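*Asks:*
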Amino acid sequence: MNISDILLGAAIIIAAPAVNRVGEAKAQQIHPDQVVVDSPFVHDPVLAYENGKYYLYSTGHGISQMTSADRKHWTLCREGVLKNHEIPAWTHDSVPGFHTHIWAPDVIHYRNKWYLAYSCSTFGKNTSAIGLLSNTSLANMNGWKDEGCILASEGKRDNWNAIDPNFVIDDKGNPWMAWGSFWDGIQLVKLDKKTMHVKKGAKPQTIARRHAFGDASAELNPTSKFAGTNAIEAPFIMKHGDYYYLFVSWDYCCRGIKSNYRVAVGRSKNVAGPYLDKNGKDMRNGGGTLILEGDKKEFEAMGHCSAYSFPDGDFFFCHGYSIAKNGASILVQKKINWTENGWLTLE
């Protein structure tokens, strides 16, 4: 992630009370402590639904958060999920250079409790860690409890990057976590039902890569000399019908108007894969069916998605690099339509 791009989005959110000009996020103050926006500036958005209210979490200092009753008007929360003094000390010990800017969270309700995973890292390196928080209710915004580190990666030890977590529950009620950015691509591991940490004896396995081994067509990485050219990240697995659908983001985010992020998908009847695209190509070998990219009119690029079944249907969310806003990232919401053969389109 490009830290300057993410900090720009965070700064815009903090400055939201002044945002009320044509061409920017439409905002209104409903009372001195609340600001409501129609097009929030976000990066890496995930959502949850509880008691008629939607909660949105995204990259930001202490994990950015906002709420909505209709997914059209979003009330910004001035403080993150974790205040600076609440960020666990172990995160700084595990990831040198990490401070308060937390990336790419995910949230899930499992066994009568909410769990929120989050990423601690520094740009372009894979010495990273995924932390875990728990809560009894999303409405209790001060009720998050530190549950420690789910897993961590070290640059000289691991060929994967411990960021961009995503929880998924299989048909037998077992929790899993997908994650990954660059290096050897998207990883998956089984979690313990009681702790939501890695199940004893479970080992990470690669389930998707941007390029097959030996593929010489990969462009040079314009953002990092460390991460290589396996430009895939931000997994999200959604179950629909008989299949698990694995969404991934290809290519490069966080470069503002120079971003070329896009979303591809594959599916499998087994949560652990193999995930195949429409042509039957394994995502471990560079497979993936492209379903979203920048239209070059409203958005230069779009990516880092999440997808949910809500009371009014199935919906897809991501951030898009707005051309009108000079590459700032804003929330994108699209309806999922399922085809007769079990694939999907977005509208």
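For the record, in the sequence shown the residue sitting at position 89 is 89 according to UniProt numbering, with numbers rising by one throughout. Glycine residues also receive a C-beta, built at the ideal position from the N, C-alpha and C atoms. It should be emphasised that the depicted structure is a prediction, and the values quoted were computed from it without experimental measurement.
By alpha-carbon positions, which one of Asn161, Ser39, Leu116, Ser121 ends up nearest to Leu133?
*Replies:* Position 133 of the sequence shown, counted from the first residue, corresponds to residue 133. Of the listed residues, the one whose Cα sits closest to Leu133 is Leu116.
*Asks:* So, under 8 Å CB-CB, Val95 and Cys120 are touching, yes? Tell me the CB distance rounded to an integer number of Å.
*Replies:* The sequence position of residue 95 within the sequence shown is 95, counting from 1. The sequence position of residue 120 within the sequence shown is 120, counting from 1. Sure, about 5 Å apart at Cβ, within 8 Å.
*Asks:* In whole angstroms, give me the CA-to-CA distance for His99 and Thr59.
*Replies:* By 1-based counting over the sequence shown, the position of residue 99 is 99. By 1-based counting over the sequence shown, the position of residue 59 is 59. Taking the straight line joining both Cα atoms gives about 13 Å.
*Asks:* What are the start and end residues of the alpha helix (DSSP H) that includes Ala89?
*Replies:* In the sequence shown, the residue the question calls residue 89 occupies position 89. First-last of the alpha helix (DSSP H) with Ala89: 89-94.
*Asks:* Return the bridge partner residues of His109 from the DSSP annotation.
*Replies:* Here residue 109 refers to the residue found at position 109 when the sequence shown is read from its first residue. Trp114, per the DSSP bridge assignment.
*Asks:* Could you give the residue range of the beta strand (DSSP E) that holds Ala178?
*Replies:* In the sequence shown, counting from the first residue as 1, residue 178 sits at position 178. Start and end: 175-179.
*Asks:* Determine the DSSP secondary structure at Lys258, reduced to helix, strand or coil.
*Replies:* Within the sequence shown, the letter at position 258 stands for residue 258. Helix, per DSSP.
*Asks:* Candidates Ile186, Pro175, Asn140, Ile87: which alpha carbon is nearest Cys149's?
*Replies:* Indexing the sequence shown from 1 puts residue 149 at position 149. Of the listed residues, the one whose Cα sits closest to Cys149 is Ile87.
*Asks:* Taking all protein chains shown into account, decide if Thr67 is buried (16 or more other Cβ within 10 angstroms of its Cβ) or exposed.
*Replies:* What you label residue 67 is simply residue 67 of the sequence shown in a count that begins at 1. The residue is buried, with at least 16 neighbouring Cβ atoms inside 10 Å.
*Asks:* Sort Gln333, Glu293, Asn279 by Cα distance to Leu287 and report the nearest one.
*Replies:* Working through the sequence shown from its first residue, we reach residue 287 at position 287. The question names Leu, but residue 287 is Gly in the sequence shown. The shortest C-alpha separation from Gly287 is found at Asn279.
*Asks:* Whole angstroms is fine: what's the gap from Glu219's alpha carbon to Ser259's?
*Replies:* The residue you call residue 219 lines up with position 219 of the sequence shown. The residue you call residue 259 lines up with position 259 of the sequence shown. Rounded to the nearest angstrom, the two C-alpha atoms are 14 Å apart.
*Asks:* Please state whether the Cβ-Cβ distance between Asp158 and Asn126 is less than 8 Å.
*Replies:* What you label residue 158 is simply residue 158 of the sequence shown in a count that begins at 1. What you label residue 126 is simply residue 126 of the sequence shown in a count that begins at 1. Yes, these two residues count as a Cβ contact at 8 Å.
*Asks:* For Glu86, does the three-state DSSP call read helix, strand or coil?
*Replies:* Position 86 of the sequence shown, counting from 1, holds the residue named residue 86. In this structure, Glu86 counts as helix in the three-state DSSP scheme.
*Asks:* Could you tell me whether the Cβ atoms of Asp44 and Ala104 are closer together than 8 Å?
*Replies:* What you label residue 44 is simply residue 44 of the sequence shown in a count that begins at 1. What you label residue 104 is simply residue 104 of the sequence shown in a count that begins at 1. A contact, by the Cβ cut-off of 8 Å.
*Asks:* Are the beta-carbon atoms belonging to Lys203 and Val189 less than 8 Å from one another?
*Replies:* Position 203 of the sequence shown, counted from the first residue, corresponds to residue 203. Position 189 of the sequence shown, counted from the first residue, corresponds to residue 189. Cβ atoms of Lys203 and Val189: closer than 8 Å.
*Asks:* Flag this pair as yes or no: are the beta carbons of Phe226 and Gly124 separated by less than 8 Å?
*Replies:* For the purposes of this step, residue 226 is identified with residue 226 of the sequence shown, where counting begins at 1. For the purposes of this step, residue 124 is identified with residue 124 of the sequence shown, where counting begins at 1. Yes; because the gap between Cβ atoms is below 8 Å, this pair is in contact.
*Asks:* Measuring straight from C-alpha to C-alpha, what distance separates Arg209 and Asp242?
*Replies:* For the purposes of this step, residue 209 is identified with residue 209 of the sequence shown, where counting begins at 1. For the purposes of this step, residue 242 is identified with residue 242 of the sequence shown, where counting begins at 1. Cα to Cα, the separation comes out at about 23 Å.
*Asks:* Out of Lys269, His197, Gln333, which one is the CA nearest neighbour of Pro40?
*Replies:* As a position in the sequence shown, residue 40 is number 40, starting the count at 1. Considering only alpha carbons, the answer is Gln333.
*Asks:* Once you ignore the five residues that flank Asn285 on each side, which residues in its own chain have a CB closer than 6 Å to its CB?
*Replies:* What you label residue 285 is simply residue 285 of the sequence shown in a count that begins at 1. Correct list, in chain order: Ala212.
*Asks:* Determine, using beta carbons only, whether Trp179 and Ile163 come nearer to each other than 8 Å.
*Replies:* Position 179 of the sequence shown, counted from the start, is the residue given in the question as residue 179. Position 163 of the sequence shown, counted from the start, is the residue given in the question as residue 163. Result yes, Cβ atoms of Trp179 and Ile163 sit closer than 8 Å.
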